[in-house]
Structures are given as C-alpha cells and as structure tokens.
Amino acid sequence: MPSALSPSWLRRRARSQNVQGVVSIQEFGEAERTAKDIAEQVAKFFSQFRSDFLDVTQRARENFANQEFAQHQINSQIRLLLHRQLVNQCVEVINPALEDLEESMKRELWVSARRIFAQAIAWRSDSELAETFFNSVTRRLFTLVGFDDDLEFRWFGGIALPVVDPGQGEVLTFRLRTTTEKLIQAVLEAFDIGQDWQNLQRDSANIASAIEKHLSETWEATMPVEIDVLKPVFYRNRGAYLVGRIRYLTRVSPLIIPLRATDSGVVCDAVLLTENLTSRIFGFTRSYFHVNTKEPGAIVAFIKTLIPLKPVAELYTAIGYSAHGKTSLFRAIYRHLSNSTDRFEAARGIPGMVMTVFTLPSFGVVFKVIKDTFPPSKKITRSQVMDKYKMVFAHDRVGRMVDAQVFEDLAFPRERFSDELLQELALEASRSITITDTDVIIHHLYTERRVYPLDLYLQEMPENLVLSATLDYGHAIKDLCAANIFPGDLFTKNFGVTRHGSVVFYDYDELTLLQDVTFRAIPEARSFEDEMSSQPWFAVGANDVFPEEFKKFFRFPDAARDAFDNVHGDLCEPETWIEMQSQHEIEAPEFFPYPEEVRFDIP
Numbered sequence: 001m002p003s004a005l006s007p008s009w010l011r012r013r014a015r016s017q018n019v020q021g022v023v024s025i026q027e028f029g030e031a032e033r034t035a036k037d038i039a040e041q042v043a044k045f046f047s048q049f050r051s052d053f054l055d056v057t058q059r060a061r062e063n064f065a066n067q068e069f070a071q072h073q074i075n076s077q078i079r080l081l082l083h084r085q086l087v088n089q090c091v092e093v094i095n096p097a098l099e100d101l102e103e104s105m106k107r108e109l110w111v112s113a114r115r116i117f118a119q120a121i122a123w124r125s126d127s128e129l130a131e132t133f134f135n136s137v138t139r140r141l142f143t144l145v146g147f148d149d150d151l152e153f154r155w156f157g158g159i160a161l162p163v164v165d166p167g168q169g170e171v172l173t174f175r176l177r178t179t180t181e182k183l184i185q186a187v188l189e190a191f192d193i194g195q196d197w198q199n200l201q202r203d204s205a206n207i208a209s210a211i212e213k214h215l216s217e218t219w220e221a222t223m224p225v226e227i228d229v230l231k232p233v234f235y236r237n238r239g240a241y242l243v244g245r246i247r248y249l250t251r252v253s254p255l256i257i258p259l260r261a262t263d264s265g266v267v268c269d270a271v272l273l274t275e276n277l278t279s280r281i282f283g284f285t286r287s288y289f290h291v292n293t294k295e296p297g298a299i300v301a302f303i304k305t306l307i308p309l310k311p312v313a314e315l316y317t318a319i320g321y322s323a324h325g326k327t328s329l330f331r332a333i334y335r336h337l338s339n340s341t342d343r344f345e346a347a348r349g350i351p352g353m354v355m356t357v358f359t360l361p362s363f364g365v366v367f368k369v370i371k372d373t374f375p376p377s378k379k380i381t382r383s384q385v386m387d388k389y390k391m392v393f394a395h396d397r398v399g400r401m402v403d404a405q406v407f408e409d410l411a412f413p414r415e416r417f418s419d420e421l422l423q424e425l426a427l428e429a430s431r432s433i434t435i436t437d438t439d440v441i442i443h444h445l446y447t448e449r450r451v452y453p454l455d456l457y458l459q460e461m462p463e464n465l466v467l468s469a470t471l472d473y474g475h476a477i478k479d480l481c482a483a484n485i486f487p488g489d490l491f492t493k494n495f496g497v498t499r500h501g502s503v504v505f506y507d508y509d510e511l512t513l514l515q516d517v518t519f520r521a522i523p524e525a526r527s528f529e530d531e532m533s534s535q536p537w538f539a540v541g542a543n544d545v546f547p548e549e550f551k552k553f554f555r556f557p558d559a560a561r562d563a564f565d566n567v568h569g570d571l572c573e574p575e576t577w578i579e580m581q582s583q584h585e586i587e588a589p590e591f592f593p594y595p596e597e598v599r600f601d602i603p
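If you're matching positions, the sequence shown starts at 1 in the working numbering and goes up one per residue.
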C-alpha cells in the first residue's frame, strides 16, 4: 500500500474535483491520513532536534570538568546549527507530497496537519519549542508575508510561563537550619560538577559572608530563610554557574554562584546577589548557556523571578533556544504594535552607509535593513554583509557585541511609519522593502536591542559617565580583539552603551577576524612631497591596517581624552595589536561576565 505522503492520490483527487467539484468520504479519509503523516513527520524531526540538542548540551559538564574549553566551543558551534539542519531535513521529506498540489489543496492539508500536530504535542513540557519548529517548517514550504493564522501557531496575547514551586520539578530548596555557611555548604554539596571542590569550606564561608553583608544592607536581615536553586548547572565558555534565589518572607534576591575549573578542583569564583549583575549574566551580548533541561519554560520562568525586566525572548535565547527566542520576539513586536500608537522612525545617531536603521520609540529594539547600494568607500557586497551577521551569531560575543536576529517577510501597518522613514526606505532599501497601500513588507530584516549610541552618549551625559564610557570603549576594543575580532570601523558611532553602562559594538559590516589583519607602522616619508601627498607613498595591501591612524577615530570630550590616552594610548601602536594576535594564538583569554571587584580573593 503506498504511503499517505505519496502525492498520487492527491493528483487523482484534484482531477476528480475539477470534473465533479465534489470530495468523497474516501478522499476525505485519505487527506486526513496524509495530514496525520505530515504531522507525525514534523513531530519526529522535532524530537530528533531535541534529542541532538540535549546530547550536545550534556557534553558541557565533561568539557568543564576536564577544562576542554576548545571542545566546548566546537560543541557550541554544532548546537547552533541543529535547528536549521533538522528543519531542512524535515522539509526534504515532506515537500514531495505537496509540491505539485494546487495552493488551496496544499493549505487545506497543512491546516489539518497543524491541528493534528497541536494535539500530539499538547502533553510535552517543551511544546512551545515544538510550535516554533512547526512554524519554521511551514515558512519553508509556504510563501508567507507577516503571519498566517491558519497555517502557523500564532499567539500575540499574554504568556503564562510554568509555575515554578520551591522544591518541585527543576528546583531544589534548602532551608536554614543553623548557619548561613552550613546552608551554602549543603547547596554546593548537592551538585555533582564532575570534579571535586578545591576547598568547599573556604568557598562556603566566602559566599555566606557576602550574603549576610548583602542582606544586612538591603533587607535589614542577616540570614536567608530559604534558598531555591535550579537543578541544571549553567555552562558557558570556561565557566559554570549555579542559578538560584534567596527567599526571606515575601522578598527574593538572586543568587548566582560562578564556578571555575582548575587543576586542583572546582572553585567558587564569586557570588552575584543583585538584579543588575544577574541581568548581565543573561545579557544579549553573551554566548548562549548550555543547560540540560527538558523543561525550558520552567527554567525561563525561574530566571524571570530574578530579573523580571528581562524579556522572555532574551531568556529563551540565553539558554540556547535562539529559534524560540526569535519567535517570542516576533510575538512581542506584534503584541506591542496592537497596544501602542507611536510610529516607526529613524533611529538616533549618524545614519549608516550600509544599513537603514529605524525604531519604535516605545519598544526597545532597532530594526536594520540593508541598503540597495553602498558608497565606494565601503568595499563590501550585500551577501558579505549578511555573512558578517552570521559570523557574529556563531562567535563568542564576550559581552561586547549585540546579538542580532534575522527575519524575513515581516509585514507592519503602513500607518505606523513616519512619512520621512517611508521615503527613506523607498529610496535607500527598495530591494528589501515592498510598500503597499496598507503595509510595509520587509523581506530581510535584522533586529537588535536598542542601546545608547556612544557618540551621542559622549555629548549628552554627565562628565563622570562620559569618562567611564570613554575608558570602557577602549576596553571593549581590547576585549573584542582578545576574542579574535577586529571591529574594522572604530568610530564611536558604531558603538553603544547598555543600560548597565557597558560599551558594546553593533555595526558589523567591516568586522573581520583579528588573525586576518596585517598591522603595520606607517613608513617614513622619503621626501617633503611624499609627506604632503594625499595618497600613500607606499604599497598598501587589502588587509593592511595602520594603528597610528586610529587617532582620527578617538574623538572624545576634552575631560576624557587625556584619561583615554593614558589607559589606551597603546591602541595606536602596531606592536600592541601584533602582541594581541600572538596571545590569541597561544590561548584564548578568559572573559568574566561580572566585575573584577566581586571576585573572591583566592590564591
């Protein structure tokens, strides 16, 4: 008997409909079986995705314990590709049954498949991820603009995250019996990190002392009553993290314990007890955590109690589910549009030469569209720009590059765009934009969290904040280079300041790997004519960079200029960059997503 996915009966049905205009009970049954087979295929590939994803995620524990940091990076790269790979494989299996059908019949089948799939995943603890997977397959098989209520799982209403009760599911609860130090020791002993603790008593005492000091200053209490900790350990890069919360009466405080693996055992490197520090750990400028859980929604719900201002989309992304993070952002955008009245407008700052950037003032995201043409100074193509963004997605962002999501064929109401922005989009980005009487359809779009453009920040902020941002700008460049990233264009307009005061990079069209750059000193002029010439008197290779010229990028207010020169003047010396290249070849440095001053003083 032929498979129900075989399109032969569908062709017969189409011919029958053309002749009779009637669907028989037998044909209806065959259509339902085909829809069921389609739903089962999507469910099978989704289950394979989850299995492969968790298999790679589980390797993080061994990588951490054995200090196999290079292997962990490889596993991170593998995991990033899994969702797209399994969606592609699913499409290859399903497409033959649909490709020859009339659009109306194809839609009818898919509507039935969606209904059956929804019933099949209702019991799953990761059903939200299953819906995202189904939508990804749908958008590969159908040409959709905006969203389609019939074919996709769409929900723009409120989101009810799982209820996370203390001591239940993914949460361990510890109650104070004697001292805070004993309580913390019980917490640490509950986790098998894959390696012995270097000094459990010392670490417990360090953490307990920090907790008691924090509580006495903020809650006028000295000891926690209960501590909840998520069972899964959070692994990322060289670090591991225990994620929990302190409860006292109705109050909650984050409790994040960063861990480091050493040759002599695992060390508790710090304890983070504020919403601000916790938000940085789960920030949009960091790589994704490896968290071994079958209930990602419960993990997100718990973290949301620690940092309630952090968007759900960013939390799903932070724990590795970037595809569902993208879905959550998509829904948040449309939900916000239905509950606001302001209009899209050009983003603040100097307009870019490669991207048209706009924003909705009441929503903390910027939207970036590639322009049709670039000026001659930008020796780059459209496809190369897209490759740069793919590179950022896959690279360790070390807290210095803003994560970007890419969308295709989004439709927004035309009435929500300012006239000036509509004119700019029509003139500058017609390849990426279709403007109709009612909608603005964006065929290729990047979104990023909105930050304060650094050039404006330096003009508008008080002197103390300007000084801090100026110095952090230099640190940001050095951190990027330590991660093998050369920003290319160092003008402050390409950097921004987060609400935590960190300087980050967000303009990627000239970004390249540090190892691919040749840093050179400018040769001495041979004559007065050479020195006065507007053209270089020496040969310049395509990848040659002259750090002595960087001073033209470093434009700061007078009060901050001297401080920058004192701390980061070496950025104008080629030897500094060559040294950073050589250091990266030896061993990639360690980046801590929390301030140096909160780290424990451990010999």
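Quick reminder that beta carbons are idealized off the backbone N, C-alpha and C, glycines included.
Any non-hydrogen atom of the ligand COA closer than 7 Å to R33 Cβ
Because no ligand of any kind appears in the structure shown, any question about the ligand COA cannot be addressed here.
Assuming Y609 and P254 form a contact by the criterion Cβ under 8 Å, report the distance between their Cβ atoms to the nearest whole angstrom.
This structure gives no information on residue 609, because the portion of the chain shown stretches from 1 to 603.
Within this structure, are the beta carbons of L176 and P224 separated by less than 8 Å?
The residue you call residue 176 lines up with position 176 of the sequence shown. The residue you call residue 224 lines up with position 224 of the sequence shown. Yes, these two residues count as a Cβ contact at 8 Å.
I'd like to check one pair, G474 with F564: are the Cβ atoms closer than 8 Å?
To locate residue 564, count along the sequence shown from 1; it is residue 564. To locate residue 474, count along the sequence shown from 1; it is residue 474. Yes.
Tell whether a beta-carbon distance below 8 Å holds between A483 and V406.
In the sequence shown, the residue the question calls residue 483 occupies position 483. In the sequence shown, the residue the question calls residue 406 occupies position 406. In this structure, V406 does not lie closer than 8 Å to A483 by Cβ.
Using 8 Å as the cut-off, can you tell me whether the stretch 126-137 makes contact with the stretch 77-94, which would need three or more C-beta pairs spanning the two stretches below that distance?
yes
Per DSSP, what kind of secondary structure is L215 in: helix, strand or coil?
In the sequence shown, the residue the question calls residue 215 occupies position 215. Residue state, collapsed to three classes: helix.
Is the Cβ-Cβ distance between H83 and F117 less than 8 Å?
The residue given as residue 83 occupies position 83 in the sequence shown. The residue given as residue 117 occupies position 117 in the sequence shown. With contacts defined by Cβ atoms closer than 8 Å, H83 and F117 do not form a contacting pair.
What residues are listed by DSSP as bridge partners for T512?
Translated into the one-based positions of the sequence shown, residue 512 becomes position 512. F486, per the DSSP bridge assignment.
Within a Cβ cutoff of 7 Å, which residues of the same chain sit near I207, ignoring the five residues on either side of it in sequence?
What you label residue 207 is simply residue 207 of the sequence shown in a count that begins at 1. For I207, where only same-chain residues beyond five positions count, the Cβ hits under 7 Å are I184, I257, C268 and V271.
Does DSSP classify R599 as helix, strand or coil?
Indexing the sequence shown from 1 puts residue 599 at position 599. Reduced to three states, the DSSP call for R599 is strand.
What residues in its chain sit with their C-beta under 6 Å from that of V23, if we drop five residues either side in the sequence?
Locating residue 23 in the sequence shown gives position 23, where the first residue counts as 1. Unreliable placement is indicated for V23, whose pLDDT of 47 sits below 50; no coordinate value is reported for it.
Exposed or buried, N75, counting other C-beta atoms within 10 Å across all chains shown (16 or more means buried)?
On the sequence shown, position 75 is the one that residue 75 refers to. That one is buried.
Can the beta-carbon of I211 be found less than 8 Å from the beta-carbon of A65?
By 1-based counting over the sequence shown, the position of residue 211 is 211. By 1-based counting over the sequence shown, the position of residue 65 is 65. Cβ distance not < 8 Å, so I211 and A65 don't count as in contact.
If you reduce the DSSP assignment to three classes, tell me which class H290 lands in.
Position 290 of the sequence shown, counted from the start, is the residue given in the question as residue 290. H290: strand per DSSP, three-state reduction.
Using only the alpha-carbon positions, how far apart do S322 and T447 sit?
For the purposes of this step, residue 322 is identified with residue 322 of the sequence shown, where counting begins at 1. For the purposes of this step, residue 447 is identified with residue 447 of the sequence shown, where counting begins at 1. Cα to Cα, the separation comes out at about 13 Å.
Could you pull out every unbroken beta strand (DSSP E) segment of at least 3 residues lying fully inside the stretch 405-464, listed in chain order?
410-413, 433-435, 439-442 and 445-449
Alpha carbon to alpha carbon, how far is E108 from A318?
Indexing the sequence shown from 1 puts residue 108 at position 108. Indexing the sequence shown from 1 puts residue 318 at position 318. About 37 Å.
I'd like to know whether the C-beta atoms of R245 and T173 end up nearer to each other than 8 Å.
Here residue 245 is taken as the residue at index 245 of the sequence shown, counted from 1. Here residue 173 is taken as the residue at index 173 of the sequence shown, counted from 1. For R245 and T173, no; Cβs fall outside 8 Å.
Taking all protein chains shown into account, decide if R286 is buried (16 or more other Cβ within 10 angstroms of its Cβ) or exposed.
Indexing the sequence shown from 1 puts residue 286 at position 286. With 16 or more Cβ atoms within 10 Å of its Cβ, R286 is classed as buried.
Determine the DSSP secondary structure at P547, reduced to helix, strand or coil.
Taking the sequence shown and counting its residues from 1, one reaches residue 547 at position 547. Of the three classes helix, strand and coil, the one that applies to P547 here is helix, per DSSP.
Could you say which of F412, N292, N464 and E460 lies nearest to D439 if we only look at CA atoms?
Position 439 of the sequence shown, counted from the start, is the residue given in the question as residue 439. Among F412, N292, N464 and E460, the Cα nearest to that of D439 belongs to F412.
Coil, strand or helix - S136 by DSSP:
For the purposes of this step, residue 136 is identified with residue 136 of the sequence shown, where counting begins at 1. Reduced to three states, the DSSP call for S136 is helix.
Backbone CA spacing between Q515 and C481 [nearest angstrom]
One-based indexing of the sequence shown puts residue 515 at position 515. One-based indexing of the sequence shown puts residue 481 at position 481. In a straight line, the C-alpha of Q515 is about 9 Å away from that of C481.
For V385 and V365, what's the separation of their Cα atoms in angstroms?
Along the sequence shown, one-based indexing puts residue 385 at 385. Along the sequence shown, one-based indexing puts residue 365 at 365. Using only the alpha carbons, I get a separation of about 20 Å.
Those residues which DSSP pairs with F344 across a bridge:
On the sequence shown, residue 344 is found 344 positions in, with the first residue counted as 1. Partner(s): F417.
Inter-stretch contact (C-beta, 8 Å, three-pair minimum) for the stretch 497-511 and the stretch 274-288:
yes
DSSP three-state call for F147: helix, strand or coil?
For the purposes of this step, residue 147 is identified with residue 147 of the sequence shown, where counting begins at 1. Residue state, collapsed to three classes: coil.
Please report how far the alpha carbon of L422 lies from the alpha carbon of W219, in whole angstroms.
Stepping through the sequence shown from its first residue, residue 422 is reached at position 422. Stepping through the sequence shown from its first residue, residue 219 is reached at position 219. Computed Cα separation, rounded: 51 Å.
Whose CA, out of L360, A313, I380 and S264, lies closest to the CA of A346?
Numbered from 1 along the sequence shown, position 346 holds the residue referred to as residue 346. When each option's Cα is compared against that of A346, the closest is L360.
Going by beta carbon distance, what residues of the same chain come within less than 6 Å of I609, once the five residues before and after it are set aside?
Nothing can be reported for residue 609: it is not among the residues displayed for the chain, which extend from 1 to 603.
Assign K379 to one of two classes, buried (16 or more other C-beta atoms within 10 Å of its C-beta) or exposed (fewer than that).
Taking the sequence shown and counting its residues from 1, the one referred to as residue 379 is at position 379. Exposed, because fewer than 16 other Cβ atoms sit within 10 Å of the Cβ of K379.
Could you give the first and the last residue of the continuous beta strand (DSSP E) run that contains L259?
If you number the sequence shown from 1, residue 259 lands on position 259. Residues R251 to T262.
Give the straight-line distance between the Cα atoms of N292 and L242, rounded to the nearest whole angstrom.
If you number the sequence shown from 1, residue 292 lands on position 292. If you number the sequence shown from 1, residue 242 lands on position 242. Each residue's alpha carbon lies about 13 Å from the other.
At what residues does the beta strand (DSSP E) containing M355 begin and finish?
Position 355 of the sequence shown holds residue 355. Start and end: M355 to T359.
Roughly how many angstroms lie between the CA atoms of H336 and F363, to the nearest whole one?
For this step, residue 336 is matched to residue 336 along the sequence shown. For this step, residue 363 is matched to residue 363 along the sequence shown. Cα to Cα, the separation comes out at about 8 Å.
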